[in-house]
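Protein chains in written order, with my numbering: chain A, 6 to 343; chain B, 6 to 343. These notes are about the structure you will find just below.
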DNA sequence: CTGAAAGCGCTTACAG
DNA sequence: CTGAAAGCGCTTACAG
């Protein structure tokens, strides 16, 4: 049931009629890619304004123009981390008349095909689960791709963008801080892993921890592969009872909070006996007691840079021939837990 | 630079050639809206499978078919709350070959026009900021709309979907719990408000609080309009010093955590002297000390129902003539803070 | 300088 | 039973 005051879809034909010019002229004014008589241009501009005309993104995309549609692939849509990045990207996208679709990664063989078929103007990959071969295929197929370097993408070549979010350096600084506080027995506690898989060498945070420990001649120790918080708590208790530990570097703040609870339940004093550092600067860090020292990832900058690089990749497709790299810094947020 | 192993866009023409039938036949097989000779149908199906064909969503949308593109409008993309809802919706959307674009609400007059022009198959509104008139216009224009009832949408009519997420009842139960613990001086602490605006009558949580207090003959007291956590902490201290308070019902968990900190800094014991209840069951609730009693909103069900209703609205457009309402329940999560 | 025309990948009424 | 044709809203090479 349509009412009289329903929204209308204004087409190029409406504009042409309103302006009293041919439809072709309207297109050329919109796209600005041909000389158009000044008077006609004015008339078209007025008509566009009056009718609030916006060319249909679908029709344009069909003709090989931009679809004004971007895809963001994330491993975990529910995380606070991605929320901030997306929010930042969305602000920019909206200004450019662009929409961002979200997608979590799919093991699905068909996934790439689906993505490719949708004619996205660009794809931002914030998931560690897309294999190099798929990423490469996308790039080779001419799709502008920006990689958030959650894991290392060493083999990738061609024209694409990559944002190093500072995870490796950030992790080293966290561990260094613990070392400066004279912590020697520093345990790396990995994220929960639904598959029970352990901390990968390809994980930047783990690598930062490992390198920083080894360069200080300290022993590397890892607690990983836990599936649930309960399992983590239990295994942590076991580990803690058997080994000397005076510092914890946790892959995420949530993990840090979980082990802090476990420590406190055992009557261990933080940071007097054990120092704890998290990662991400989630909201919870300020609310737990003691407040949690952590590493801030500049999610605002990640979002802004991702969009900016993608734009260059799209607009200057022909002139960009090298990969575009951006290096971002993390910021240590010192609180009470160290 | 395209490589030999780049992705290809398979069109209907490719399928027709592969199957040795006319393009028309391919369309009818895909859409299943006309009798097609069994043999040909088989051949087409084989070709589709072999070539991994999927009709272009844009071309279909141009012809008035579904665009397989849905829009979700949220007030706060960064919140954990929306992350879970989106994640749930995305799972369903992907199965249906659909993408979900995200958008935060825009004051922008043009916003509706932009949305309408994009030919979304449907719009899910999870924002309190879109005025009734805009919502109504969208519905009147024939766009399938599902409303998450963050605020009351009493005036809206036509064919649309509405999910009552149980906020009002949930709030009443929170306050009732405090009352059962013999709390009498229960303060409602509102969310931070960038604009400094106070708790609206239209807010379900506030209404639940108010009604539950009044029905018990207890005084209503509100702390609202704070712009920052610092301002909230300061004003809370002032309020607490001047008034007797033995219970706090906070609009969100983050607010609850902030005031818990303020209480603890003043040496107040929770829950012995003051009981605190939050709302949302965010992750942080389990990590703070004392752990926070809160209300779980079934975000999984919200996401699932939203998609399900939207699907009905889209597919059975003609047979659905009444609004579709769904009532969801919240779940009290009792922890240590009460 | 500018318009008519072809065509992007589809759907479906129309005409056999 | 099924194909050629018109047309969705655009872009742009082509031909004045």
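Backbone N, C-alpha and C fix where the C-beta goes; we use that ideal spot for every residue, glycine too.
- Boundaries of the alpha helix (DSSP H) around residue 267 of chain B: 258-270.
- In the DSSP assignment, residue 121 of chain A falls within the unbroken alpha helix (DSSP H) covering 116-122.
- Under the criterion of beta carbons closer than 8 Å, residue 125 of chain A and residue 72 of chain A qualify as touching, at roughly 6 Å.
- When secondary structure is reduced to three states using DSSP, residue 169 of chain A falls in the strand class.
- Contact of residue 62 of chain B with chain A by beta-carbon distance below 7 Å involves 123.
- Ranked by Cα distance from residue 27 of chain B, the first of B:10, B:52, B:11 is B:52.
- The DSSP-derived three-state label of residue 248 of chain B is coil.
- DSSP lists A:208 as the bridge partner or partners of residue 156 of chain A.
- Nearest C-alpha to residue 90 of chain B among A:87, A:82, A:64, A:317: A:82.
- Cβ neighbours of residue 329 of chain B within its own chain (closer than 6 Å, five residues either side excluded): 166, 314.
- Counting along the chain, residue 131 of chain B sits inside the beta strand (DSSP E) bounded by residues 127-131.
- Residue 140 of chain A is not bridged by DSSP to any residue.
- Straight-line spacing of the CA atoms in residue 47 of chain A and residue 30 of chain A works out to 11 Å.
- Neighbours of residue 169 of chain A across chain B, judged by C-beta separation under 9 Å, do not exist; the nearest C-beta is about 23 Å away.
- Setting aside the 5 residues that flank it on each side, residue 45 of chain A is surrounded in the same chain by 24, 26, 30, 34, each with a C-beta closer than 8 Å to its C-beta; the list follows chain order.
- Within chain A, no C-beta atom comes nearer than 8 Å to that of residue 189 of chain B; the closest sits roughly 27 Å away.
- Straight-line measurement puts the Cα of residue 332 of chain A at about 42 Å from the Cα of residue 50 of chain A.
- Taking 7 Å as the CB threshold, residue 292 of chain B lines the interface with chain A.
- Excluding residues up to 5 positions away in sequence, 204, 229, 256 lie with their Cβ nearer than 6 Å to the Cβ of residue 195 of chain A in the same chain.
- Inter-residue distance for residue 224 of chain B and residue 299 of chain A is about 42 Å (C-alpha atoms, whole angstroms).
- For residue 231 of chain B, no chain A residue has a C-beta closer than 9 Å to its own C-beta; the minimum C-beta separation is roughly 16 Å.
- Interface annotation for the segment 284-314 of chain B against chain A: 288, 289, 292, 293, 294, criterion Cβ-Cβ distance under 7 Å.
- The Cβ atoms of residue 21 of chain A and residue 67 of chain B do not sit closer than 7 Å to each other.
- Residue environment analysis places residue 79 of chain B among the buried positions, since at least 16 neighbouring C-beta atoms fall within 10 angstroms of its C-beta.
- For residue 253 of chain B, the beta-bridge partners assigned by DSSP are B:192, B:281.
- Chain order gives no chain A residues near residue 272 of chain B, where near means a beta carbon separation below 7 Å; the closest approach is about 14 Å.
- For residue 11 of chain A, the neighbours in chain B by C-beta distance under 8 Å run, in chain order, 142, 145, 146, 147.
- Cβ proximity to chain A below 8 Å picks out 85, 87, 88, 89, 91, 92, 95, 96, 99, 102, 104 from the segment 85-104 of chain B.
- Residue pairing by DSSP leaves residue 87 of chain A without any beta bridge partner.
- For residue 107 of chain A, the uninterrupted beta strand (DSSP E) run begins and ends at 104-109, by DSSP.
- Residue pairing of residue 74 of chain B in beta bridges, as defined by DSSP: B:104.
- A residue is called buried when at least 16 other Cβ atoms come within 10 angstroms of its Cβ; residue 292 of chain A meets this threshold and is buried.
- In terms of beta-carbon proximity, residue 179 of chain B stays away from the interface with chain A, with every pair separated by 7 Å or more.
- At a cut-off of 7 Å between beta carbons, residue 66 of chain A contacts chain B.
- Residue-level contact check: residue 57 of chain A touches chain B, since one or more beta carbons of chain B fall below 7 Å from its beta carbon.
- When only Cα atoms are considered, residue 284 of chain B and residue 211 of chain B end up about 12 Å apart.
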